[in-house]
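Below is one structure; the comments refer to it alone.
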Amino acid sequence: MNHGRAQRGLPPGTLSVIPVGKRFFEDIEMEDESTLIMLVQQYSSRFGITFSSRVMEDEDTKQKAMMLMMLAISGKRGPVTDEDLGF
1 MNHGRAQRGL PPGTLSVIPV GKRFFEDIEM EDESTLIMLV QQYSSRFGIT FSSRVMEDED
61 TKQKAMMLMM LAISGKRGPV TDEDLGF
């Protein structure tokens, strides 16, 4: 049954999309180093590349890199480039 979709005014059989913006990724706890390590491992196993440690020195660049890696791993974009990170 599609009661939830009908309540939102969507016809049965349609998919509802919840937008996820930059704020979602900023709210992810960035202090957890194990999360960062797992993310870099997944990214490098998929694309065969990693980042210079200088990317992780600046918190804003680090968060941007993590957001872009998540998008790349999920297939929403290609590999992250130096230009994406401002280098």
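First residue of the sequence shown: 1, per the UniProt record's numbering; consecutive thereafter.
Ideal Cβ positions, reconstructed from N, Cα and C, are used throughout, including at glycine.
Checklist entry - What are the complete alpha helix (DSSP H) segments, minimum 4 residues, inside the stretch 58 to 85? => result List check, alpha helix (DSSP H) in window: 59 to 73.
Next on the checklist: Distance check for GLY86 and ASP60, CA to CA, integer angstroms please.
Outcome noted: Start at 1 with the first residue of the sequence shown, and residue 60 comes out as number 60. Start at 1 with the first residue of the sequence shown, and residue 86 comes out as number 86. Put simply, the backbone Cα of ASP60 is about 11 angstroms away from that of GLY86.
Item to check | Nearest-angstrom beta carbon gap, VAL80 and MET69 [assumed within contact, 8 angstroms] | outcome: Counting from one through the sequence shown, the residue named residue 69 turns up at place 69. Counting from one through the sequence shown, the residue named residue 80 turns up at place 80. MET69 to VAL80, Cβ: 6 angstroms. Contact.
Next on the checklist: Using a 10 Å radius around the Cβ and a threshold of 16 neighbouring Cβ atoms, would you call GLY4 buried or exposed?
Outcome noted: Locating residue 4 in the sequence shown gives position 4, where the first residue counts as 1. The predicted model places GLY4 with a pLDDT of 48, which falls under 50 and marks its position as unreliable; any figure quoted below should be read in that light. Looking at its Cβ environment, which holds fewer than 16 other Cβ atoms inside 10 Å, GLY4 is exposed.
Checklist entry - Just to confirm, are ASP84 and LYS64 a CB contact at a threshold of 9 angstroms? => result On the sequence shown, residue 84 is found 84 positions in, with the first residue counted as 1. On the sequence shown, residue 64 is found 64 positions in, with the first residue counted as 1. Yes, these two residues count as a Cβ contact at 9 angstroms.
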